[in-house]
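Q: Using my numbering, you'd call the opening residue of the sequence shown number 3 and step up by one each time.
Below is the structure I would like to discuss, written out as structure tokens.
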Amino acid sequence: MTRQATRRLLATAAAAAVLAASAAGCGGGGDKNSKATAWAAKVCDTVGQNKLPLPNFGNGKNAKVVKTGYLNFLDSLNLRLQRVELALKGAGLPPVDNGGKTYDLAMSNLRSAQTAVTGVRTDVGKAPVNNVVGFQKAVAKASPAMSRFTTYQGPVKDLRTNAKLNSAFDDAPSCKANKL
């Protein structure tokens with residue numbers, strides 16, 4: 003065998019070894035895990051883009067300005083929750099064992115949060131603006147509904163209860179970048 007033929011043989015063997023090592027990480031469960039990671043990335047791409055603006059309440063002395071700030075904030079929050087719901091629907095069921103059950107839990111909690119925000123939005127919308135104290139009392143009445151929402155940590159938290167999805171979220175670059 004010539005020196006050139008030996009080099010070709012070694013180069014081919016090295017390339018085959020690299021391909022074999024790469025394929026070993028992608029076979030069987032790895033393929034399913036990469037699908038789960040791609041699914042998680044799709045969710046994190048949208049969830050991470052939905053930043054919520056801080057409300058503007060002015061100096062807090064003008065009830066009309068405060069009410070407008072609350073309503074704008076609640077509208078933004080509701081829109082964000084709708085976008086997250088659409089993203090989850092677009093992603094479909096997670097490609098992991100018990101993914102459907104975990105997905106259903108996340109969607110149910112997301113819809114409960116939307117209902118709470120919508121209820122608070124309705125109550126705040128009805129609040130009088132002729133004085134700050136009256137407005138504050140009306141907002142305080144809406145507080146129990148809002149407290150249900152404030153404990154909600156989002157669908158990613160629910161989805162992470164599934165161990166395989168938790169790993170997929172940990173592996174997905176967009177989830178890492180968005181700290182989800």
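Just so you know, even glycine gets a beta-carbon here, dropped at the ideal spot from N, CA and C.
The model shown is predicted, which means the values in this text are computed figures rather than measured ones.
Rounded to whole angstroms, what is the Cα-Cα separation between ALA19 and VAL158?
A: With a pLDDT of only 31 at ALA19, under the threshold of 50, the placement of this residue in the model should not be trusted; the figure read from the coordinates follows. Roughly 38 Å between the two C-alpha positions.
Q: Ends of the alpha helix (DSSP H) at ALA89?
A: Per DSSP, ALA89 belongs to the alpha helix (DSSP H) from 65-93.
Q: What separation, rounded to the nearest whole angstrom, lies between the Cα atoms of ARG162 and THR104?
A: One C-alpha to the other measures close to 8 Å.
Q: Determine the DSSP secondary structure at LYS44, reduced to helix, strand or coil.
A: Three-state DSSP puts LYS44 in a helix.
Q: From the DSSP output, in three-state form, read off LEU182 for me.
A: Correct three-state label for LEU182: coil.
Q: Whole-angstrom Cβ separation of MET109 and LEU90, contact assumed at under 8 Å?
A: Indeed, because the Cβ distance is near 6 Å, the residues count as touching under 8 Å.
Q: Which runs of the beta strand (DSSP E) fall wholly inside the stretch 104-157 and span at least 3 residues, in chain order?
A: Correct list: empty.
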